[in-house]
Each structure stands twice: as C-alpha cells, then as structure tokens.
Amino acid sequence: MFTFKRNSENNSTQTSLDLDELNKLTECLKNCDLSKPFELGLSPSSSLSGVVKVINEIIEARQDAAARTMLDINGAVGKMTGMTSIREMLQRIQEQTPQIANMSAQAEEMGAAANETASSASNAASFVEQSLSMATSGADKIQQAVGFVENSFTQFEQVSKQVQDVLDSMGEIEQIVGVIAGVADQTNLLALNAAIEAARAGEQGRGFSVVADEVRKLAEHTKTSVTDIRQKIDDLSHNSKRTAEDILSLSHMMSQGKSVMQGAGQEVEQILQHVVTISQDIQRIASGSQEQSAVVEEFAQIISSISESANKTERVAHQTGEGIYAISQQLGELRTKQISSVPAINTHQALELSKTDHLLWTWRIYNMLLGYEHIDPNSVGTHHDCRLGKWADGPETKALHQNPTFSKLASPHERVHELARQAAFAYNQGNIHQASSLLAEMSEASQEVVKILEELQDLI
Numbered sequence: 164m165f166t167f168k169r170n171s172e173n174n175s176t177q178t179s180l181d182l183d184e185l186n187k188l189t190e191c192l193k194n195c196d197l198s199k200p201f202e203l204g205l206s207p208s209s210s211l212s213g214v215v216k217v218i219n220e221i222i223e224a225r226q227d228a229a230a231r232t233m234l235d236i237n238g239a240v241g242k243m244t245g246m247t248s249i250r251e252m253l254q255r256i257q258e259q260t261p262q263i264a265n266m267s268a269q270a271e272e273m274g275a276a277a278n279e280t281a282s283s284a285s286n287a288a289s290f291v292e293q294s295l296s297m298a299t300s301g302a303d304k305i306q307q308a309v310g311f312v313e314n315s316f317t318q319f320e321q322v323s324k325q326v327q328d329v330l331d332s333m334g335e336i337e338q339i340v341g342v343i344a345g346v347a348d349q350t351n352l353l354a355l356n357a358a359i360e361a362a363r364a365g366e367q368g369r370g371f372s373v374v375a376d377e378v379r380k381l382a383e384h385t386k387t388s389v390t391d392i393r394q395k396i397d398d399l400s401h402n403s404k405r406t407a408e409d410i411l412s413l414s415h416m417m418s419q420g421k422s423v424m425q426g427a428g429q430e431v432e433q434i435l436q437h438v439v440t441i442s443q444d445i446q447r448i449a450s451g452s453q454e455q456s457a458v459v460e461e462f463a464q465i466i467s468s469i470s471e472s473a474n475k476t477e478r479v480a481h482q483t484g485e486g487i488y489a490i491s492q493q494l495g496e497l498r499t500k501q502i503s504s505v506p507a508i509n510t511h512q513a514l515e516l517s518k519t520d521h522l523l524w525t526w527r528i529y530n531m532l533l534g535y536e537h538i539d540p541n542s543v544g545t546h547h548d549c550r551l552g553k554w555a556d557g558p559e560t561k562a563l564h565q566n567p568t569f570s571k572l573a574s575p576h577e578r579v580h581e582l583a584r585q586a587a588f589a590y591n592q593g594n595i596h597q598a599s600s601l602l603a604e605m606s607e608a609s610q611e612v613v614k615i616l617e618e619l620q621d622l623i
C-alpha cells in the first residue's frame with residue numbers, strides 16, 4: 164500500500180509538471196509570431212522537449228527560407244535597377260526625331276523641286292518641239308526660196324535670151340534702115356539730076372520737074388524718117404543692152420543670194436539636227452525627272468513611315484519604362500515587407516541589402532528624369548540616416564575603423580546621398596541637363612559604394 168501510494172504521488176507530481184509545461188507551450192504558441200525559437204526552460208526529460216525541438220526546427224527553417232526569399236527579392240530589385248536602357252533609347256529617339264522631321268521636310272522640298280523640275284523639263288520639251296517644228300518650217304521655206312531663185316535664173320536666162328534676140332533683130336532692122344537710107348540718098352540724087360535735066364528742057368520738062376520735086380521731097384522725108392528710126396533703134400538698143408546688163412548683174416546677185424541661202428539651209432539643217440538631239444535629251448531629262456519625282460515621293464513616304472515608327476517606338480518605350488517602373492515599385496514594396504519578416508539579419512545580408520538600397524536611389528533618380536516619380540529633395544536623407552550609415556556608425560563596426568577598405572566607404576557613400584538631393588532639386592527647378600549630369604556622377608559613386616561593400620563582405 165505504501166509503495167503504491169508513493170508511486171501515485173510521483174505520478175501526480177509528474178502530471179502536474181507536464182500540464183504546466185503544456186500550458187506554457189500553448190501560451191507561447193498563442194502569442195508567438197514564429198519569428199524566433201521557443202525558449203520554455205523545459206527539462207531535458209520533459210515529454211514536450213521533442214515537440215518544442217521540432218517546432219524550433221520548423222521556425223529556423225522558416226527563418227532561413229524567409230532570409231533566402233529576402234535575398235532573392237533583393238537581388239531581383241538590384242537587377243531591376245540595372246534596366247536603364249529605356250532612358251537611353253528614349254534620348255536617342257528624341258535626338259533622332261528632329262533629324263527625321265528635318266529629313267521629312269527636306270524630302271517634301273525635294274519632292275516639290277523634283278515636281279517643278281519635271282514640269283520645267285516637260286515645258287522645255289514642249290518648247291523644243293515647237294522650236295523643232297518652226298525650224299523645220301523655216302528650212303522648208305529656205306528650200307522653197309532656193310527653188311524660187313533657181314526658177315528665177317531660168318526666167319532670167321529666158322529674158323536675157325529674148326533681149327539678145329531683140330538686139331539681134333534691131334541689128335537686122337538697122338541694116339534694112341541703112342539700105343533704105345541709101346536708097347533714099349540715091350533717089351534724092353536722081354531727083355536732083357532729074358530736076359536739073361527738067362530745067363534744061365524748059366517748058367517741056369516742067370511736068371517732069373514737078374515729079375522730080377515730089378520724088379526729092381519723098382526721098383528727104385524718107386531720109387528724115389530713117390534718121391528718126393535710127394535714133395529710136397539706137398535708144399532701144401542702148402536700153403536693151405542696159406537691161407541685159409541689169410539682168411546679168413541681178414543674176415549674179417541672185418547667184419550670190421542662192422549661195423547664201425544654200426549655206427543658210429545647210430546651217431538650218433545642222434540646227435535641226437542639234438534641235439532633234441536637244442529634244443531627245445530633254446525628253447530623257449523629262450522622263451528621268453518624272454522618275455526622280457516618283458522616287459523622291461516614295462522616299463518622302465518612307466521618311467514619313469520612319470517618323471511614325473519612331474513616334475510609336477517612343478510611345479512603346481515610355482509604356483515599357485512605366486511598366487518596368489511599376490514592377491520595380493511592387494518589387495520594392497515586397498522587398499520591404501520581406502525584410503521586415505526576417506527577425507535576424509546578419510552583417511553579410513545587411514551589406515547586401517545596403518548595396519541594393521543605394522542602387523535603388525540611383526534607380527529612383529533615373530525614373531524621376533523619365534517623369535515617372537517625383538522626389539522631394541528634403542526627403543533625401545544623409546549618409547548617416549540610411550541602413551548602411553547606421554551600420555557604419557554603430558558599435559559593431561569599431562573593429563573595422565582602422566580597415567582601409569572600410570575607410571574608403573564614407574566619401575562615395577556621402578556623395579551618393581548628396582548627388583541624389585542635388586539631382587532632385589535641379590529636376591524640380593527644370594534643369595534637366597544638370598540633373599542628368601548629376602545622375603551620371605551618382606551612378607559612378609553608387610557603383611563605387613557597391614564595390615567597397617563587396618570587398619567588406621569578403622572580409623567579414
């Protein structure tokens with residue numbers, strides 16, 4: 164009985180202890196966020212030790228997973244900050260936009276000039292065609308004139324022959340008149356002799372004397388007429404000779420004119436050949452100008468398409484940039500939330516987070532220049548306020564103060580924060596160029612900070 168009673172007391176005591184430990188475990192489970200291991204002060208022989216051990220292993224595994232997730236998200240954010248090609252692409256598009264616009268304007272001017280050239284060439288071709296027609300007509304008229312002169316030569320030869328025939332006839336008439344004059348002289352002499360004989364005969368020769376006197380008068384009248392005829396024949400002969408000389412002179416002049424016109428005809432023929440060649444050249448120029456006009460118009464359309472594509476590319480680039488920025492914002496929020504879920508962050512992890520912190524500042528300034536984010540210069544803290552600054556100023560880094568790598572950190576770290584503040588101020592003042600220059604300096608300082616932190620990670 165005694166032994167049983169004693170065992171019962173021992174069992175009762177053990178049961179009481181187990182209930183107390185179970186209550187502690189239950190209370191801890193209610194109040195704990197599973198961010199750190201349970202510390203219940205259980206004895207090694209406690210029946211709950213195994214349960215607590217398993218729970219602590221689960222908590223530790225969860226913390227390791229949270230830390231890995233934190234670093235993965237942190238790494239993703241860090242990679243996201245390196246996606247800075249959008250701004251460069253937009254800058255290039257914006258630089259090319261006025262050039263494309265200028266090319267488009269020049270293409271339009273070239274098109275107008277080409278159309279004007281084509282129109283001028285067509286007008287010139289039409290003018291040359293008219294000139295060719297006029298020159299051909301002129302050549303025909305010159306040939307007609309040459310033919311007229313040749314016909315005139317024939318007519319002049321006929322007239323000259325007729326004049327010569329007249330002169331020859333006048334010579335024959337003059338011979339006949341000479342015979343008549345001789346007959347008249349002889350008749351006059353006979354009449355004189357007859358009158359003398361009639362006077363000698365006296366009264367018987369009076370009738371014969373009258374006849375002789377009439378014959379003498381007729382002879383004198385004939386002689387006077389012959390003299391008048393001779394004078395007229397001489398005048399007519401003189402005029403005919405002068406006419407023949409004039410015809411000969413005119414024929415000579417027309418012969419010279421014929422030579423001149425024949426030379427002019429040859430020159431006109433050469434001009435016609437040149438005009439034909441020029442007409443062919445101008446036709447080719449007109450055809451080429453029309454082709455050039457079509458090519459320039461096609462080129463202008465291509466430039467217009469390039470301009471539209473550039474504008475579309477710019478819009479797509481802006482949309483892509485905004486999308487990347489929105490994703491980076493979401494990742495940043497997730498990163499912050501994940502960091503808060505990790506209760507214990509070691510130095511190596513803290514430095515890894517610090518690298519991304521400063522890359523994020525560069526990323527924010529970069530997106531500010533793209534117009535996606537507004538930054539108040541007063542919101543940019545100093546290099547003492549950030550995670551890295553608090554760690555560097557904390558007691559745990561006293562052992563590193565003499566380390567040359569750690570000593571290099573302060574200067575570029577301070578520049579990152581100061582340049583971020585100056586860039587935000589310059590941008591808000593509208594000085595985009597200065598803000599861009601400050602971003603470039605800030606990127607260099609940020610990369611220098613990252614490099615030093617990586618060296619410190621190797622040391623720690």
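Adding 163 to a residue's 1-based position in the sequence shown gives its number in the numbering used here.
Even glycine gets a Cβ: it sits at the ideal position worked out from N, Cα and C.
Which residue's Cα is closest to the Cα of residue i: the options?
i      : options                           : result
GLY534 : SER418, SER574, GLY486 and THR385 : GLY486
VAL389 : ILE359, GLY345, ALA354 and ILE538 : GLY345
THR545 : HIS580, GLN254, LYS500 and LEU514 : HIS580
ILE336 : ALA375, LYS395 and SER542         : LYS395
GLN108 : THR499, LEU532, GLY274 and ALA308 : Missing from the structure shown is residue 108; the chain here goes from 164 to 623 and no further.
GLN482 : VAL458, MET252 and ASP227         : MET252
GLN433 : LYS216, VAL217, ALA302 and LEU352 : ALA302
LEU494 : ILE236, THR189, ASP227 and ALA230 : ILE236
GLU607 : TRP526, ARG478, ALA507 and GLN419 : TRP526
ILE343 : VAL217, VAL326 and ILE392         : ILE392
TYR529 : TYR590, ASP376 and THR499         : TYR590
VAL459 : ALA281, VAL479 and PRO567         : ALA281
GLU461 : VAL374, GLU577, SER491 and ALA277 : ALA277
LEU399 : LYS380, GLN620, GLN327 and LEU355 : GLN327
ALA229 : THR560, GLN293, GLN436 and LYS500 : LYS500
GLN293 : ALA354, SER422, VAL374 and LEU435 : LEU435
SER542 : ARG578, ASP227, LEU563 and PHE588 : PHE588
Using a Cβ cut-off of 8 angstroms (strictly closer), state whether residue i contacts chain B.
i      : result
LEU563 : Absence of chain B from the displayed structure is noted, only one protein chain being present.
Around the C-beta of residue i, are 16 or more other C-beta atoms found within 10 angstroms, so that it is buried, or is it exposed?
i      : result
SER635 : Because the chain spans 164 through 623 in this model, residue 635 falls outside it and cannot be assessed.
LEU413 : exposed
PRO575 : buried
HIS384 : exposed
MET297 : exposed
HIS629 : Nothing about residue 629 can be reported from this structure: the residues present for the chain run from 164 to 623 only.
ALA264 : exposed
MET273 : buried
ASN509 : exposed
ASN173 : Bear in mind that a pLDDT of 46 at ASN173, under 50, signals an unreliable position, so the model cannot answer this.
VAL431 : buried
GLY484 : buried
ILE339 : exposed
HIS521 : buried
LEU523 : buried
Can you grab the Cα-Cα spacing for the pair residue i / residue j, in whole Å?
i      : j      : result
GLU617 : GLN565 : 18 angstroms
GLN321 : GLU408 : 14 angstroms
THR244 : GLN455 : 50 angstroms
SER571 : ALA555 : It should be pointed out that residue 571 corresponds to Lys in this sequence rather than to Ser. The straight-line gap from Cα to Cα measures roughly 12 angstroms.
ALA364 : GLY370 : 10 angstroms
ILE502 : ALA583 : 24 angstroms
ILE466 : ILE615 : 50 angstroms
MET117 : LYS553 : Outside the displayed span of the chain (164 to 623) sits residue 117, for which this structure offers no information.
MET605 : ILE221 : 43 angstroms
ALA357 : GLY341 : 24 angstroms
MET266 : SER248 : 26 angstroms
GLY428 : PHE311 : 14 angstroms
SER300 : ASP331 : 46 angstroms
GLU279 : GLN453 : 10 angstroms
CYS549 : ALA473 : 41 angstroms
ALA275 : GLN254 : 32 angstroms
ASN314 : LYS324 : 15 angstroms
GLN318 : ILE410 : 10 angstroms
VAL613 : LEU601 : 18 angstroms
ASP348 : THR387 : 11 angstroms
ALA287 : ASN594 : 57 angstroms
LEU622 : ARG250 : 37 angstroms
ALA308 : GLN419 : 13 angstroms
ILE445 : ALA284 : 6 angstroms
ALA463 : GLU271 : 6 angstroms
MET164 : THR189 : Any reading at MET164 is ruled out, since the residue's pLDDT is 37, under 50, leaving its predicted position unreliable.
SER609 : LEU551 : 13 angstroms
Requested in this report: Would you check if there are 3 or more beta carbon pairs closer than 8 angstroms linking the region 399 to 415 to the region 255 to 262?
Outcome: No, they do not touch.
Query - Stretch-stretch touch, CB-based, cutoff 8 angstroms, three pairs: the region 347 to 366 with the region 433 to 447 - result: no
Query raised in the report: Should the region 236 to 243 be regarded as contacting the region 510 to 525, the criterion being three or more beta carbon pairs within less than 8 angstroms?
Result: yes
**Report entry** Whole alpha helix (DSSP H) elements within the region 531 to 592, 4-residue minimum
**Finding:** 550 to 556, 567 to 570 and 573 to 591
Query - Every unbroken alpha helix (DSSP H) within the region 220 to 275, with a cutoff of 4 residues, ordered by chain - result: none
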